[in-house]
Each structure stands twice: as structure tokens, then as C-alpha cells.
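Right, one structure below, let's go through it.
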Amino acid sequence: MNFGFTEEQELLRDGVRKFLAERCPMSEVRRLSETAEGFSRDLWLETARLGWPGLAVAEEYGGAGQGFVDLVVLLEETGRALHPSPLLSTTLAGVAISDSGSEAQRARWLPGLASGETIGTVALLEASDFPGADGVRLEARRDADGLVLDGEKRFVADGAAADLFVVACRIEGSPVLAIVDRGATGLETVDVPCIDSTKRLATLRLGGVRISRDAVLSGRPGDEALERLVDRGAAAVSAEMLGAADAALALTVAYAKERIQFGSPIGRFQGVKHPLAELYVDVESSKSLLHDAAWALDQGAADASKAVSLAKAYATETFSRLGIDVVQLHGGIGYTWEYDAQLYLKRAKWARPAFGDADHHYDRAAALGGM
Amino acid sequence: MDFHLTPEEEAFRAEVRAFLDANLPPGTNTASFGFLSEWNRKLREKRWIGFSWPKEVGGGGGSLMQQVILKEEMAKRKAPPLGTCFMGLAWVGPAIVQYGTDEQKRRFIPDILDGRVQWCTGYSEPGAGSDLAALQCRGVRDGSHYVVNGQKIWTSIAMWSQWMILLVRTDPNAKVKHDGITCLLVEMSTPGITVRPLKNMSGGTMFSEVFFDDVRVPVENRLGVEGDGWRVTISALANERSGIAEVEGLRRNLDALRDLARRTERRGRKALEDPTIRRRIVRAEARIEAMRLNGMRFLTRQLRGEPLGSETSINKLHRATLEVDLGELAIELQGSAGLVTGRDAADGGRWQRFALNWPEVVIGGGTPNIQKNIIAERILGLPHD
Ligand SMILES: Cc1cc2nc3c(=O)[nH]c(=O)nc-3n(C[C@H](O)[C@H](O)[C@H](O)COP(=O)(O)OP(=O)(O)OC[C@H]3O[C@@H](n4cnc5c(N)ncnc54)[C@H](O)[C@@H]3O)c2cc1C
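Here the protein sequences line up with chains E and D, keeping their order.
To convert, note that position 267 of the first sequence is 267 in the working numbering; the numbers rise steadily by one, no gaps.
To convert, note that position 171 of the second sequence is 1171 in the working numbering; the numbers rise steadily by one, no gaps.
Quick look at the structure:
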């Protein structure tokens, strides 16, 4: 029995943390968030050489062949640093192809994603805003030469930068995941300004985009592929969330020890220390839920989806509250642009609906539990 | 990360399961006197009572992991508790094992293991609750005795106990209030002790006031050295661990509550179909699951040889929240029928009782505010208030 990380995982964590502290400190995060692309291509390629986008890609396709637990370690650290990068999106595109693609499909797309040459993303949502098969209406129409996509996908993370899109759509009513290339005729992305400027969003417009039959992921039934992608997306977002939550809590605890009012550090007052203790309890508990969920995903456990839903729901509620409290417990300085508290609050806003909010996942967990 | 058990651990689990199959078949009346005395005799034979204690004192010498397996398997089968001397097994015994003289171990430990005596805990006083170290009950050395004068309160099961573990102030001039406190083991039949039961809000009488009037306690019944009572008792309190066993109990209550919601009509439909009720149930489930997994993390740390400290306050807070929330939810979802008590109420009035008993867990053993202080000060390093 061991519910802890391995030495290799701790090394990975330390390495990523040190690299980001050095190469992408908060000043750089802020600078990048104000650029047009929102991230640095050089830094992206550098992190790719360190093996980040390929971490969970099998070795035969140029990755490191690690599991979801390792991915959680990596994403907790990029989340902690609020690192602006298409890593999460590219990772999830790779996860979808690894998990639901055929042998040939993996060989075709994974090497580019693992090396960082291809930036990938997943395009799941539509007007319904429902993160699951029930929300997908986009129909891939059949014609003599293959399939034609006409419609729109919304809230696509890193859509502007992406070279490859994993698109949720339907063929004759059945949900599938299909790979669409940036270069496809009729494809257009439109940037959408995002509340969290360290993250990028776009609308993906598909105007008569042609894809071939073998662009449809065929390793497993489409509805299953989609549900598994939601699981992995929700777990990955939770990991980034909890890294950021850790950092936000540490920032506030440090401030509470330092800021003097009424002749003593404000952390002495229970109105300050008790919410911090509650948040600590909830952050640690979210981690326990997430790490168990990641392990369940790696094991292919029957209750993995439910574990993910409990983790995403609990983490979302925790981080949403934390985002507000971090600002509030700092007083006036927390509201300033210069101070970092606001960045965490905005990240909490970004993470809440990503792959389903707390209500969505509590309801999903209830249904999966036979309620 | 790996939740699998080693072959030895699996073998131990199989042994526990086989024992349960043989001795606790479905439908056993676990409340009958005959069953219970047989059950305890067999558990003693296995050395599963006081399982964590060293073999020399009559314990089982069980490893940490074996203790968890034993507790978990027992809880899953709703087995009666391991032993009947609750406080003796939970903290009096461990304190005696750690700080007692050989004579004290010989004298007290076998009775605790066999359940021949009941122990109670005399720590809290009218003026010393959360601030326990402010206790004033006096112990004055007089030759080969301590003479005790003062009062204790909230003493659970004092009226059914033969012995008490008692904290008294022996040095009122100590510079730090935690010093100058001494731990005594006191026979409840000693002249000068008066027990006055207190009725609690559920109508039961479980705890008492205890008055001491020139009570003479032999010096050989002092546990540890004079002035060291705080360390002797508080370190033993810290023995309560990961909380994994409590999780099973909470789960069972949640299952029963879900079942109640499935049967109960509420505003024109089954309560379980009401989205807010569903969400509250599944929220509680997430919290219970978090508790279980937190417990696994703490256990992992213990297995790696790191001592458990203030982390246990995390699960104590979760448990306090759950005890209150589940009781409230169970009553609330019944609507006006939630007002009915006794046998006519749903599930024989179980939930009305449940909703009036949470203070045992929430207040006894340190209130939520105190747990938050512990986390904020000892884990987050914020200044003491
Ligand atoms: C069912 C039950 C069984 C018990 N059994 C035993 C027993 O067997 N033996 C025994 O010795 N004791 C026993 N106790 C006593 C228990 O340990 C105390 O009740 C508990 O520690 C709280 O002390 P108090 O009741 O004096 O409340 P107080 O300490 O007066 O607290 C009152 C309120 O003030 C808050 N408060 C106090 N100090 C602070 C602070 N520093 N910061 C913020 N808030 C604060 C508390 O959280 C609480 O809400 C039992 C209690 C109960 C309810």
C-alpha cells in the first residue's frame, strides 16, 4: 500500500518547478499574457525537448511512455506557475489519439505532438455547452469522397495556435472524435478574448471542411472515446487547478504572516487564519481525490470516471472559493493589477467550466453511482 | 502509487475474513450477551484486542498495515467493537504502555484487554475546555498519597466506570501552565468522589460532573513523573490516527440516507430525484471519499516512518462537517415527517437520534475552531492567537 509519489515523480516535479521558476517567472507570465499569441514559441520548443508534451505518449512514437499520475505531477507544476503554454491542449490531443486511435492513426499524429512540432487541441463544446456526447450536434456529412463538416465548435483552448484539432462530431447520429488539420480548406479560428489572459480561447469555424474516413479515431467506439476524453480532460484541468491553488494559498499565508494591522500579523486573527485552514483542508483533500482518480485512470479501474468527477467537482468548488478569498484576504492590494492575487482568481474562473463544472460533475458522479 | 497489498497482507486479510465468516455469520444478533462474551473471548485469543500494543504486555504486536486491515474488515462486516473498554483501549492503555511502571502494566493492562473494567477520562473542567491546560483541580502531595480537590465535567461514562485517568494541577506556581500538571489513575470508589450525571439534548445521560473532596490517591498510581501529565496524556491522545475506520461508519450512514431518500416523497416526487438533495448527497460522498484517501496518504507517511502530527485535524474537521450535514439532510428531506420521533418515524427514529448526537464527535475531543487553529498554527505556521 503506497499512496504517494515515486522518487522519479518527485524528481520530475522538482525539475519542472525549477525550470519554470527560472525560465518563466511571474514577470514573464505577465509579459507573455500581453503578447498576441499568449505564449513563447521558443520556450514551447524548449519544454518539448525536455519531454513535456510527450510525457504520456508511448516511447515508440517519440514520447516518454509515462502514465496519468506522471501527467498530473507535470500539470500541477505548470498550473502552480500559471505557465502560459499550449501544453494542456496538446497533451489532451495526444491522450485522445493514444487512447482511441488505431495503430496507424497513432503512428501518423503522435510523433509530431510528442516533439512539440505539432500543437494540438480538443474541440468538444458547441452552443449547448455540454461537455459530453449529449452536447454534440455537429454532423459529419457523408459524400462520395469522404466526410464534410459544416458548423462551429466553441471555447476551443489554444485554438489560434493549434495545428491539429480533435473534433467531437457525429456520423449518422453516432458520436465520434475526428482529427482535423489546420490546413484544411474552409477551416478558420476566431480568437475570443478570455477572462484569464494566461489562457487562450477561440471559436473553430468549419465551412465545408473535408476529412477522410481515416481521420475518424477508430480504436474504440466513438461515444466511449468521447467520455474517456472528458475524464482525462477533467483530470488534467484539475491538476493545473490544484497546482495554482497551492500557489495561491502559499501567497496568502505568506502575506498573512507579514502584514501588520492592530499591532500584529493579520494571520493571528481567526477571521484570517480559519478560512486559510479550511482552504488548506480542501486543497489537500482535492489532491487526494485527484491522485486517486489519476491512478484509477492508469489502472483502467471500473470506477475511474466517478473518481474523476468527484475530484473535478471538489477541486472546482475549492479553487473557486480560493480565488475569491485570496483577493479578499489581501485587502486593497489584492485588487491591484500589479499584485498576483488577481491572476489566480481569473485562473479559477477559467478552470471552473473546463470539461464540466462542479454541478455537472456532481450530477455525473451521482448517475455513475446508480443514483 | 500502488494500492495493492503485499502477499503477507493479503494473507492476513484472508485470515480476518475467515474469522468473520466463522464467527459473525449474517443474521447474528450482535447485541446478545452470550454472543458478545464469546466474541470477545475469541478476539482475545487472536490478540486482536490491543492489536497494536507490544506482545510483552499482552497486545498483538500488529503492524500498522495489519491494524488498518483488521479495522477495515471488521467495520465492513459491521462487527461489534474490538474490545469493550473503549477509552482504556483508545488512550488510557497506550499511555500506560508508554509511561507506566512494570507494576502498573501488570495491574491495569490485562483488565483493559479483557474488558473487566471500564475507564473514564477526567480532563475537562468548568473553567478548562478548549483551554485544557488551564485546569485547576488540585493534587497536593501528602506522604504516600496525593490529596485531590476540585471538579471535572463532561466526563463520559463516569457513572459506569471503575477507574479514571485524571489530570490535576500539582504545581500552581509553574511558569508555563502546561507544566505543573500530573496524571493520576484513580479508582472511582475512592471516598470523596461524587458523580452527578448530566442529561444531554438527546435526553440521554452519557456524561457527568465529577466532584473530588479530599480524595486520597496513592502515589504509586501516578502515571509518569510529577509535572509531566500534559505530555503523558496528550501524546497518547495523538495516537488516534488516520480515521480510516470512521470512514466505514460514515459510508454506512450515507448508504442508509440514500436509501431513505429513495423511499421518501418530497414535494411531489421521490427525494432522491430532487436535484438539490441529490447534489447534497453526492457532495457528502465526495467528502467521505476525500477522508478515506487522506487517511491513505497519512498512512503512507507513517509507513515511511514519518510521524503523524497535526494532519489528523484535517479528517477531524471533515468528520465534524459530515456528522452535522448528514443529520440535517436526513431530517430536512423528510419535510414535516422529520419532526416525528420514536418508532413511528422513518427507520425507527434513527435519523432524529442521529441529528441530536453529533456533539459527541464535533465538540468532544476538540471543537472545529480548535482544529482550525491547530492546522493554521502548526501546519501553515501562522502566529498563535
Ligand atoms: C459528548 C461529549 C463528551 C465528552 N467527553 C469528555 C470526557 O470523557 N472527558 C473529558 O475530559 N472531556 C469530555 N468532553 C469535553 C470536551 O473535550 C470539551 O467540551 C471541549 O474540549 C470543548 O470545551 P468546552 O465545552 O469547555 O467549550 P469551550 O472551550 O468553552 O468552547 C466554547 C466555544 O468557544 C470556542 N472556542 C474556545 N476557544 C477558542 C479559541 N481559542 N479560538 C476559537 N474558538 C474558541 C469553541 O470552539 C466553542 O465553540 C466531552 C464533550 C462532549 C460534548
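For glycine and all other residues, C-beta sits at the position ideal for the given N, C-alpha and C.
Integer-rounded CB distance, given that residue j should sit under 8 Å from residue i
i	j	result
V209/E	G186/E	4 Å
K1212/D	N1149/D	First, the residue type needs correcting, since residue 1212/D is Phe and not Lys in the sequence shown. Between N1149/D and F1212/D the Cβ distance is about 6 Å, and since that is below 8 Å, they are a contact.
K257/E	L1382/D	6 Å
G79/E	A239/E	6 Å
R1138/D	V1117/D	Between V1117/D and R1138/D the Cβ distance is about 26 Å, and since that is not below 8 Å, they are no contact.
V1232/D	Y1099/D	5 Å
L290/E	V73/E	Rounded, the Cβ-Cβ distance is 11 Å, inconsistent with contact.
K153/E	V166/E	With 8 Å as the limit, K153/E and V166/E do not qualify as a contact, their Cβ atoms being about 10 Å apart.
Beta carbon of residue i nearer than 8 Å to that of residue j
i	j	result
L229/E	L164/E	no
S1426/D	G1058/D	One cannot answer for residue 1426/D here, as it falls past the ends of chain D, which runs 1001 to 1385.
G63/E	V57/E	yes
Y1146/D	V1219/D	yes
A304/E	L310/E	no
I1314/D	E284/E	yes
A245/E	L329/E	no
L1380/D	V253/E	yes
T1300/D	G4/E	yes
W52/E	L87/E	yes
Residue-chain proximity (residue i, chain D), Cβ-Cβ < 8 Å
i	result
T318/E	no
Y280/E	yes
S285/E	yes
H360/E	no
Q66/E	no
M371/E	yes
P273/E	Here the sequence assigns Lys to residue 273/E, which means Pro is not the residue at that position. At least one chain D Cβ lies under 8 Å of K273/E.
A239/E	no
V253/E	yes
Q328/E	no
S40/E	no
Y344/E	no
Y339/E	no
L71/E	no
H83/E	no
K312/E	no
Proximity test, residue i beta-carbon vs ligand 3 heavy atom, cut-off 7 Å
i	result
N1369/D	The ligand content of the structure shown is limited to ligand 1, which means ligand 3 is not among them.
Rounded separation between residue i and residue j - CA only
i	j	result
G271/E	T1205/D	36 Å
V1092/D	A1376/D	29 Å
E7/E	R17/E	15 Å
D1002/D	I1096/D	36 Å
D1259/D	A365/E	17 Å
T1367/D	R1287/D	19 Å
I260/E	L1070/D	50 Å
E1240/D	E1038/D	With a pLDDT of 41 at E1240/D, under the threshold of 50, the modelled position of that residue is not reliable, and the figure given next carries that caveat. Between E1240/D and E1038/D, the C-alpha separation is close to 27 Å.
G370/E	R1262/D	12 Å
S102/E	S218/E	6 Å
D158/E	M1201/D	59 Å
V216/E	A36/E	32 Å
S1189/D	S1156/D	17 Å
A107/E	E126/E	29 Å
A1022/D	T1028/D	11 Å
R347/E	E1323/D	33 Å
T203/E	P193/E	11 Å
I392/E	A1284/D	The structure shown does not extend to residue 392/E, since chain E is modelled only from 1 through 371, so no value can be given for it.
V327/E	T90/E	31 Å
L1135/D	F1298/D	32 Å
G1353/D	K1316/D	Note that residue 1353/D is Arg in the sequence shown, not Gly. C-alpha separation (whole angstroms): 21 Å.
Closer than 8 Å to chain E by CB, residue i
i	result
R1267/D	no
A1286/D	yes
L1223/D	no
E1240/D	Only weak support is given to the placement of E1240/D: the predicted model assigns it a pLDDT of 41, under 50, and the question is left unresolved by the model.
M1296/D	yes
A1290/D	yes
T1300/D	yes
A1320/D	no
Which full runs of the alpha helix (DSSP H) of 4+ residues lie inside the region 34-116 of chain E, going along the chain? 41-49, 68-80, 87-100, 103-115
Can you give, in chain order, each stretch of the beta strand (DSSP E) that sits fully within the region 1194-1268 of chain D and has at least 3 residues? 1207-1218
Threshold first: 4 residues or longer. Then list the alpha helix (DSSP H) segments lying entirely within the region 1289-1346 of chain D, N to C. 1312-1332
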